[in-house]
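In the numbering used here, the protein residues as written are 591 to 889. All C-beta atoms, glycine included, are put in the ideal place defined by N, C-alpha and C. As the structure is a prediction and not an experimental result, all values here were calculated from the model. Heads up: the structure comes next, in C-alpha cells.
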C-alpha cells in the first residue's frame with residue numbers, strides 16, 4: 591500500500607477512532623484512485639481537481655451505488671485534507687468536487703406490538719437475550735456497544751447505563767423500569783453462566799468467545815431464531831432494527847429530536863432526522879384528535 595495512504599489510515603484510527611471496516615473501505619477506495627491516476631501517469635499526491643473529477647465520473651459510469659460513490663468521495667476528501675494539513679500539499683483539490691445525490695432510505699423498524707411479542711418470548715426461552723433486547727429497546731445502543739458492555743457500565747440503581755460508542759466517546763443513557771428489572775435478574779443468573787471460580791468483567795460473558803463476551807453474530811442468530819418462534823419474518827429483525835424501533839417509537843410518542851440524538855450517540859442531528867418518517871402519521875392523529883373542529887368528523 592502507498593505509504594501516504596497507510597499514514598492517513600493510521601491517523602483516522604488514532605484521531606477519529608475509525609472502525610476496522612472504515613479503514614478497509616477507505617484503503618480500497620484510495621487504492622482504486624491511485625490505480626486510476628497511474629493509468630494517466632499521475633501521482634496520487636499531485637492529482638488536481640480536473641483528474642479527480644474525471645475519476646468520480648468514471649465511478650458513476652462504473653455503476654456503483656450513490657452511497658458507495660459518496661463514501662469514495664468522502665475517503666478522497668479526507669485524504670487530501672490530510673495531505674494539506676501535513677504540508678504535503680499547499681492546496682486541497684477536492685474543495686469543489688460535486689457530491690453524488692443520495693436518497694435517504696427510511697429505517698426499517700418493528701411495530702410496538704411486535705417488540706412486545708419478542709420480549710415476552712425471550713423471557714420464556716432465553717433470559718440473557720431478553721435482557722439484551724430490553725437494554726437495546728430502552729437505550730437504542732448499537733450491537734457492538736451492547737455485547738461489549740462491562741458490568742461497571744450499569745450505574746448505581748440501574749437507572750442509567752454508561753455506553754462507550756464510536757471513537758471511545760461515552761454517553762449516559764437512562765433505562766426504563768423493564769430494562770432495570772431485567773438487569774437485576776440477569777446479574778443473578780449471570781453467575782451461573784460462568785465456570786466455577788471464573789471471573790468476568792463483561793455484563794454478557796461467554797465461555798466460548800475468545801474476547802470473553804457474547805459475539806455480535808451469536809446475538810444476531812439468537813434474535814433471528816426468536817423471530818421465527820413468534821411468527822415474525824426473520825429478515826425483518828436484527829439488532830439494528832431494534833435500535834431503529836427504539837428511535838422511531840420515541841419520536842412517535844413525542845420525544846424531541848435532540849434527546850433521541852444524544853441517546854443514539856449521533857454526532858450530527860441530521861443523522862437522527864431519518865426517524866421523522868413517523869411524523870406524518872403522528873401529525874394526522876394530532877389533527878384528528880386535537881383540532882378544535884375534530885368533533886365534526888364524528889357527526
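If you run the structure through DSSP and keep just helix, strand and coil, what is residue 751?
Residue state, collapsed to three classes: strand.
What residue ranges within the segment 653-739 form continuous alpha helix (DSSP H) runs of no fewer than 4 residues, ordered along the chain?
Annotation: the segment 653-739 contains the following complete segments of the alpha helix (DSSP H) (minimum length 4 residues), in chain order: 656-675, 702-715, 717-729 and 733-737.
As a quick exercise: from 792, 819, 817 and 608, pick the residue whose alpha carbon is nearest that of residue 758.
That would be 608, whose Cα lies nearest to the Cα of residue 758.
Alpha-carbon to alpha-carbon, residue 831 and residue 890:
No answer is possible for residue 890: the residues shown for the chain start at 591 and end at 889.
Three-state secondary structure (DSSP) at residue 765?
DSSP, reduced to helix, strand and coil, places residue 765 outside both helices and strands of the structure shown, so it counts as coil.
Can you list the alpha helix (DSSP H) stretches of 4 or more residues lying completely in the segment 801-848, in chain order?
The DSSP assignment places complete alpha helix (DSSP H) segments of no fewer than 4 residues inside the segment 801-848 at 806-819 and 829-842, in order along the chain.
Could you tell me whether the Cβ atoms of residue 805 and residue 812 are closer together than 8 Å?
Taking 8 Å as the cut-off, the beta carbon of residue 805 is found no closer than this to the beta carbon of residue 812.
Three-state secondary structure (DSSP) of residue 760:
Residue 760 falls in the strand class under three-state DSSP.
Cβ of residue 668 within 8 Å of Cβ of residue 602?
Contact flag set, yes.
Provide the residue span of the alpha helix (DSSP H) that contains residue 622, from first to last.
Following the DSSP letters along the chain, one finds residue 622 inside the alpha helix (DSSP H) bounded by residues 610-628.
Measure the C-alpha to C-alpha separation of residue 810 and residue 630 and round it to an integer number of angstroms.
If I take the Cα positions, the gap works out to 46 Å.
Using beta-carbon positions only, say whether residue 755 and residue 652 come within less than 8 Å of one another.
It is not a contact, given that the beta carbons lie outside the stated cut-off.
CB of residue 748 to nearest heavy atom of the ligand GTP: below 7 Å?
Within the structure as shown, the ligand GTP is missing, as the structure has no ligands at all.
Start-to-end residues for the alpha helix (DSSP H) that takes in residue 598:
Start and end: 593-606.
Evaluate residue 784 with the Cβ neighbour count: other Cβ atoms within 10 Å of its Cβ, from every protein chain shown; 16 or more gives buried, anything less gives exposed.
Exposure of residue 784 is indicated by the presence of fewer than 16 other C-beta atoms within 10 angstroms of its C-beta.
Starting from residue 648 and walking both ways along the alpha helix (DSSP H), at which residues does that stretch end?
Here the alpha helix (DSSP H) through residue 648 covers 639-651.
Measuring only the C-alpha atoms, how far is residue 834 from residue 599?
Residue 834 and residue 599: Cα-Cα distance of roughly 30 Å.
Among 663, 723 and 636, whose alpha-carbon lies nearest the alpha-carbon of residue 615?
Restricting attention to 663, 723 and 636, the CA atom closest to the CA of residue 615 is found in 663.
Under DSSP, the alpha helix (DSSP H) around residue 859 begins and ends at which residues?
The continuous alpha helix (DSSP H) containing residue 859 extends over residues 859-862.
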